[in-house]
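Trainee: So the sequence lines, in the order shown, correspond to chains A and B. Per my numbering, numbering of the first sequence is gapless, rising by one per residue and ending at 469. Per my numbering, numbering of the second sequence is gapless, rising by one per residue and ending at 469. The beta carbon of each residue, even a glycine, is placed where N, CA and C say it ideally should be. Note that the structure is a prediction, hence the values are computed from the model and not measured.
2 protein chains.
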Amino acid sequence: MPRTKNATQATIKEVAARAGVSLMTVSRAIHRPEVVAATTRKKVEAAIEALNYIPDAGAGRLSTQKSTTVAVVLPSLHFEGHARTVDGLSSELRKHGLHVLIADSFYSKNTEMELLRRILGRRPAGVVLINSAHSADGRQMLLGSGLPVIETWDFPSDPMDSVVGFSHKAVGAALTRHLIDQNHSCITFLGGPQDSDPRGNERLAGFRSAMADQHLDADRVVTVEQDHLTINAGKLGISQVLDQYPDTTAVICLTDRVAMGAMMECRRRGISVPDEVAITGHGGFDFSEHLVPSLTTTHIDAYGIGVHAGRILHARLQNQLLSEEQGRIDVGFEVVARDSSVRA
Amino acid sequence: MPRTKNATQATIKEVAARAGVSLMTVSRAIHRPEVVAATTRKKVEAAIEALNYIPDAGAGRLSTQKSTTVAVVLPSLHFEGHARTVDGLSSELRKHGLHVLIADSFYSKNTEMELLRRILGRRPAGVVLINSAHSADGRQMLLGSGLPVIETWDFPSDPMDSVVGFSHKAVGAALTRHLIDQNHSCITFLGGPQDSDPRGNERLAGFRSAMADQHLDADRVVTVEQDHLTINAGKLGISQVLDQYPDTTAVICLTDRVAMGAMMECRRRGISVPDEVAITGHGGFDFSEHLVPSLTTTHIDAYGIGVHAGRILHARLQNQLLSEEQGRIDVGFEVVARDSSVRA
DNA sequence: GATTGAATTGTTAACGCTAACAAAAAACAA
DNA sequence: TTGTTTTTTGTTAGCGTTAACAATTCAATC
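1) For the segment 358-370 of chain A, list every residue whose C-beta sits within 9 Å of some C-beta in chain B, in sequence order.
2) For B:Glu-205, which residues in chain A fall below 7 Å Cβ to Cβ?
3) Provide the residue span of the alpha helix (DSSP H) that contains A:Val-140, from first to last.
4) Tell me which residues of the segment 262-273 of chain B have at least one Cβ-Cβ distance to chain A shorter than 9 Å, keeping chain order.
5) Pick out whichever of A:His-415, A:Asp-368, A:Lys-220 has its Cα sitting closest to the Cα of B:Met-389.
6) How about B:Gly-386: is its C-beta nearer than 8 Å to some C-beta of chain A?
7) Where do the ends of the alpha helix (DSSP H) carrying B:Ile-356 lie?
8) Using a C-beta cutoff of 8 Å, does A:Asn-131 count as contacting chain B?
9) Report the residue from A:Tyr-428, A:Glu-170, A:Ile-305, A:Arg-324 whose alpha carbon sits nearest the alpha carbon of A:His-156.
10) Measuring straight from C-alpha to C-alpha, what distance separates B:Thr-194 and A:Met-238?
11) From the DSSP output, in three-state form, read off B:Leu-267 for me.
12) Please decide whether B:Ala-330 counts as near chain A, where near means a Cβ-Cβ distance under 8 Å.
13) Given a cut-off of 8 Å on the beta-carbon distance, is the pair A:Arg-430 and A:Gly-213 in contact?
14) Using a C-beta to C-beta distance shorter than 7 Å, which residues of chain A count as neighbours of B:Met-238?
15) Could you pull the DSSP bridge partners for A:His-224 from this structure?
16) On the DSSP bridge list, what partners appear for B:Arg-453?
17) Return the CA-CA distance between B:Leu-245 and A:Ile-179, expressed in angstroms with no decimal places.
18) Using 8 Å for Cβ pairs, my map puts A:Ala-154 next to A:Arg-166. What's the rounded Cβ distance?
19) Compute the Euclidean distance between the alpha carbons of A:Gln-451 and A:Glu-327, then round it to the nearest angstrom.
20) Near B:Ile-363, which residues of its chain fall below 6 Å by C-beta distance, leaving aside the five closest residues on each side in sequence?
21) Given this structure, state the Cα-to-Cα distance separating B:Asp-352 from B:Gly-359, to the nearest angstrom.
22) Determine the extent of the alpha helix (DSSP H) in which A:Glu-237 is found, giving its start and end residues.
23) Based on the DSSP output, what are the partners of A:Ala-403 in its beta bridges?
24) Taking C-beta pairs closer than 7 Å, name the residues in chain B that A:Pro-180 reaches, listed in chain order.
25) What residue range does the alpha helix (DSSP H) around B:Ile-312 cover?
26) Suppose you measure from the CA of A:Pro-127 to the CA of B:Leu-438; what does that come to, to the nearest Å?
27) So who's on the other strand from B:Thr-423, going by DSSP bridges?
28) With distances taken Cα to Cα, identify the nearest neighbour of A:Arg-219 among B:Ser-216, B:Thr-210, B:Leu-240, B:Glu-217.
29) Flag this pair as yes or no: are the beta carbons of B:Ala-172 and B:Arg-209 separated by less than 8 Å?
30) Can you tell me the Cα-Cα spacing of A:Asn-256 and A:Leu-199, whole angstroms?
31) Between A:Tyr-394 and chain B, is the shortest Cβ-Cβ distance under 8 Å, so that the two count as touching?
32) Please name the residue, chosen from A:Asp-368, A:Val-398, A:Thr-423, that lies closest to A:Gly-409 on a Cα-to-Cα basis.
33) Is there at least one non-hydrogen atom of the ligand COA closer than 7 Å to the beta-carbon of A:Arg-209?
34) How many Å lie between B:Asn-131 and B:Val-151 at the Cα?
35) Check for me: the beta strand (DSSP E) holding A:Gly-409 runs from which residue to which?
36) Taking 8 Å as the cut-off, decide whether the C-beta atoms of B:Leu-405 and B:Leu-300 are in contact.
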């Protein structure tokens, strides 16, 4: 029968008492040990050890007025690319004694303000946004906070502040060109609901412009309303594609997950990929290279996005002035052509 | 050229000044509005609005000595099951005004103490462990903190405190029995390095005991040293399996990822699944049902684990006594038999 | 209109910590 | 020695908030 003892962490006061010194001596022994006499330091360390003392970071922040927390806002933890970005960010920030506080927003819009309120209530040193789809109120609130804000995984033309990302429109266009280069002309774009996914819309815009450039039909677009970005969306979507545009020879899927669903459904129906239908994804998911046929996708340096964001943040917290370019990093992407879109 | 203004959030003092009331009145207007006169409340609310005031949660915690943060320790964000557990936990805790602080440990052992120190320095109200592989020192530190600790995704016989999980040994045994029921007798277990994955070892133990029960060879075990739990591990592993145990008719893979790699490699080699080799995974990854053939796996109620953990935590923070069972929840699991192990 | 109790607002101290200054102790110089 | 640095340690006040109590205001009663 589990019981909660009163969770009483030792305080600096108790450590001081036990070591027979003043509070400040303990504080100094921890943060600037070199200014404390060796013998005293030993006593303090012994007391810390004996009492299992761990300084209260919140109290410290309050006193120094310097936060060591960086908040990361991400839509969900389910997309591995985002997780890698958090990894990169976390490891970069760790070097500077900064820690990551993760706030998941679950894609829900009406709680965005509440989420931001919660985050800002924790007084972070900066905010990293992984989804940048923000209401005007939210932008306002963030900017008004005066904190460094870094938008990632996108490259908006009107950034709030700093940016580390890439152009989704360029992704859409590059994948389209790749397929055109493979002699496809009946290319269909398989996406999700337009109103909730600005990045998907950007990729779609890229598709459209690349098609138009070659005077191809840029309106071959199929939208799956349910199951946004899931494997199931791909399954459903490919069927719609083949219904609506039976002459389709290539499908650009919004993400690798969607592409996977599409490929699996093709296999089930005995449709050969890439011979009858070529398929591309996006996002460089770990499974993409292992599918049979292996999936053409885009490689994004997700970890690197996090590292860059961490560097920018640190620089700005040091009040280092950043040039325009230093504060706006386009990490680019790479089209990884694989068997799902390249005939043997 | 991004610049960091001095990040100066308004304080309660400024709100009070602007509203022409005392600090406490502001505090009360926020936390117990019903005891503040309507007219005063209006004034305070206007001031809060005007100044964009957001209370400093850290200062509040310091004053009340009540934390609203629950720390979640997880090895990495990359496993979707864990992410779902965090979702469940987060949404349950939200109901009670508690927030989740995520600490990723990246599976690295020597920083475990440092990680715990960082976490405890933030003075959470409780700790939820998603990986429970802990050093004696770590256990000591957590227990010594007096905080409620909830281990999840496992069902250890010697829990530190509360537990929400399932028996990995039972998983291994159940999958083995499933294959035996399908008339397999040459079953090989495909796992990873034994020293770093106690849960995998438990599943292996389950396999062994189920095999032994039927007087079958329980030593058909292949270990992939690199790429722990990745798709690639499955690719490499299945080859080793077929080399070492050419008579294998069924393979139990440590996770769905591994199973996916194994299936893909089989396909590449023209080995029919399940006719020549049956394959099972574990973990209920989203792709498992979409593979062709669909993958036999175990379904774990990952979200539910989080919800249960949240409930237990809340109860304990209310100092509600929990019975032995209430503090030790076995959420069980389900073998989901699919085409990869069941002949049509 | 004084009395009283309830409703409302204010004051003080404390949470755990550290910056800034003050004091004491030790080391050095004359 | 005795003064003068330098090193080391201590004291005070304050970070933003709230619990606990104190004071004030208000409305209702006699």
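Mentor: So, from the listed chains and residues:
1) Gly-359, Lys-360
2) Translated into the one-based positions of the second sequence, residue 205 of chain B becomes position 80. The contacting residues are His-203.
3) Walking along the first sequence from the start, residue 140 of chain A turns up at place 15. First-last of the alpha helix (DSSP H) with A:Val-140: 137-144.
4) Per Cβ criterion, the list reads Gln-265, Met-266, Gly-269, Ser-270, Gly-271, Leu-272, Pro-273.
5) On the second sequence, position 264 is the one that residue 389 of chain B refers to. When each option's Cα is compared against that of B:Met-389, the closest is A:His-415.
6) For the purposes of this step, residue 386 of chain B is identified with residue 261 of the second sequence, where counting begins at 1. Yes, contact with chain A.
7) In the second sequence, the residue the question calls residue 356 of chain B occupies position 231. Unbroken alpha helix (DSSP H) run through B:Ile-356: 356-369.
8) Counted from its first residue, the first sequence places residue 131 of chain A at position 6. In this prediction, A:Asn-131 has a pLDDT of 46, which is less than 50 and means its spatial position is unreliable; nothing more can be read from the coordinates.
9) Within the first sequence, residue 156 of chain A is the residue found at index 31, counting from 1. Ranking A:Tyr-428, A:Glu-170, A:Ile-305, A:Arg-324 by Cα distance to A:His-156 puts A:Glu-170 first.
10) Counting from 1 along the second sequence, the entry for residue 194 of chain B is found at position 69. Counting from 1 along the first sequence, the entry for residue 238 of chain A is found at position 113. Cα-Cα distance, rounded: 19 Å.
11) For the purposes of this step, residue 267 of chain B is identified with residue 142 of the second sequence, where counting begins at 1. B:Leu-267 falls in the helix class under three-state DSSP.
12) Looking up residue 330 of chain B in the second sequence gives position 205. Chain A contact via Cβ: absent.
13) The residue you call residue 430 of chain A lines up with position 305 of the first sequence. The residue you call residue 213 of chain A lines up with position 88 of the first sequence. Going by the sequence as given, residue 430 of chain A is Ile instead of Arg. Yes, the pair counts as a contact, with Cβ atoms nearer than the cut-off.
14) The residue you call residue 238 of chain B lines up with position 113 of the second sequence. Near B:Met-238 there are no residues of chain A at all, since even the closest Cβ is about 11 Å away, more than 7 Å.
15) Indexing the first sequence from 1 puts residue 224 of chain A at position 99. A:Thr-194.
16) In the second sequence, residue 453 of chain B corresponds to position 328, counting from 1. BP columns for B:Arg-453 point to B:Val-288.
17) Against the second sequence, residue 245 of chain B aligns to sequence position 120. Against the first sequence, residue 179 of chain A aligns to sequence position 54. Taking the straight line from one Cα to the other gives about 7 Å.
18) Taking the first residue of the first sequence as position 1, residue 154 of chain A is located at position 29. Taking the first residue of the first sequence as position 1, residue 166 of chain A is located at position 41. Sure, about 5 Å apart at Cβ, within 8 Å.
19) If you number the first sequence from 1, residue 451 of chain A lands on position 326. If you number the first sequence from 1, residue 327 of chain A lands on position 202. A straight line joining the alpha-carbon of A:Gln-451 with that of A:Glu-327 spans about 24 Å.
20) Residue numbering aside, residue 363 of chain B sits at position 238 when the second sequence is read from its first letter. Around B:Ile-363: Ala-387, Glu-390.
21) By one-based count along the second sequence, residue 352 of chain B stands at place 227. By one-based count along the second sequence, residue 359 of chain B stands at place 234. Cα to Cα, B:Asp-352 sits roughly 9 Å from B:Gly-359.
22) For the purposes of this step, residue 237 of chain A is taken as the residue at position 112 of the first sequence. From DSSP, the alpha helix (DSSP H) with A:Glu-237 extends over 237-246.
23) As a first step, residue 403 of chain A must be located in the first sequence, where it is residue number 278. For A:Ala-403, which the question treats as bridged, DSSP gives the partners A:Ala-375.
24) In the first sequence, the residue the question calls residue 180 of chain A occupies position 55. What A:Pro-180 touches in chain B: Gly-246.
25) As a first step, residue 312 of chain B is located in the second sequence; it is residue number 187 there, counting from the start. No alpha helix (DSSP H) holds B:Ile-312; the beta strand (DSSP E) holding it covers 312-316.
26) Position 2 of the first sequence, counting from 1, holds the residue named residue 127 of chain A. Position 313 of the second sequence, counting from 1, holds the residue named residue 438 of chain B. At A:Pro-127, the pLDDT of 28 sits below 50, so the modelled position is not reliable; the number obtained from the coordinates is stated separately. Going by C-alpha positions, A:Pro-127 is about 11 Å away from B:Leu-438.
27) Counting from 1 along the second sequence, the entry for residue 423 of chain B is found at position 298. DSSP lists B:Val-460 as partners of B:Thr-423.
28) Position 94 of the first sequence, counted from the first residue, corresponds to residue 219 of chain A. Considering only alpha carbons, the answer is B:Leu-240.
29) By 1-based counting over the second sequence, the position of residue 172 of chain B is 47. By 1-based counting over the second sequence, the position of residue 209 of chain B is 84. It is not a contact, given that the beta carbons lie outside the stated cut-off.
30) Position 131 of the first sequence, counted from the start, is the residue given in the question as residue 256 of chain A. Position 74 of the first sequence, counted from the start, is the residue given in the question as residue 199 of chain A. In a straight line, the C-alpha of A:Asn-256 is about 6 Å away from that of A:Leu-199.
31) Indexing the first sequence from 1 puts residue 394 of chain A at position 269. With the sequence shown as reference, residue 394 of chain A is identified as Arg, and Tyr is not the correct amino acid for it. Not an interface residue.
32) As a first step, residue 409 of chain A must be located in the first sequence, where it is residue number 284. Considering only alpha carbons, the answer is A:Thr-423.
33) The model depicted lacks the ligand COA and carries no ligand whatsoever.
34) Indexing the second sequence from 1 puts residue 131 of chain B at position 6. Indexing the second sequence from 1 puts residue 151 of chain B at position 26. Since pLDDT at B:Asn-131 reaches only 46, below the 50 mark, its modelled position is unreliable, and the value read off the structure follows with that caveat. Spanning the two alpha carbons is a distance of roughly 25 Å.
35) Your numbering for residue 409 of chain A matches position 284 in the first sequence. Taken as a continuous stretch (DSSP letters only), A:Gly-409 belongs to no beta strand (DSSP E), as it is neither H nor E.
36) As a working note, residue 405 of chain B is residue 280 in the second sequence. As a working note, residue 300 of chain B is residue 175 in the second sequence. Strictly speaking, residue 405 of chain B in this sequence is Thr, with Leu absent from that position. Yes, Cβ-Cβ distance for B:Thr-405 and B:Leu-300 is below 8 Å.
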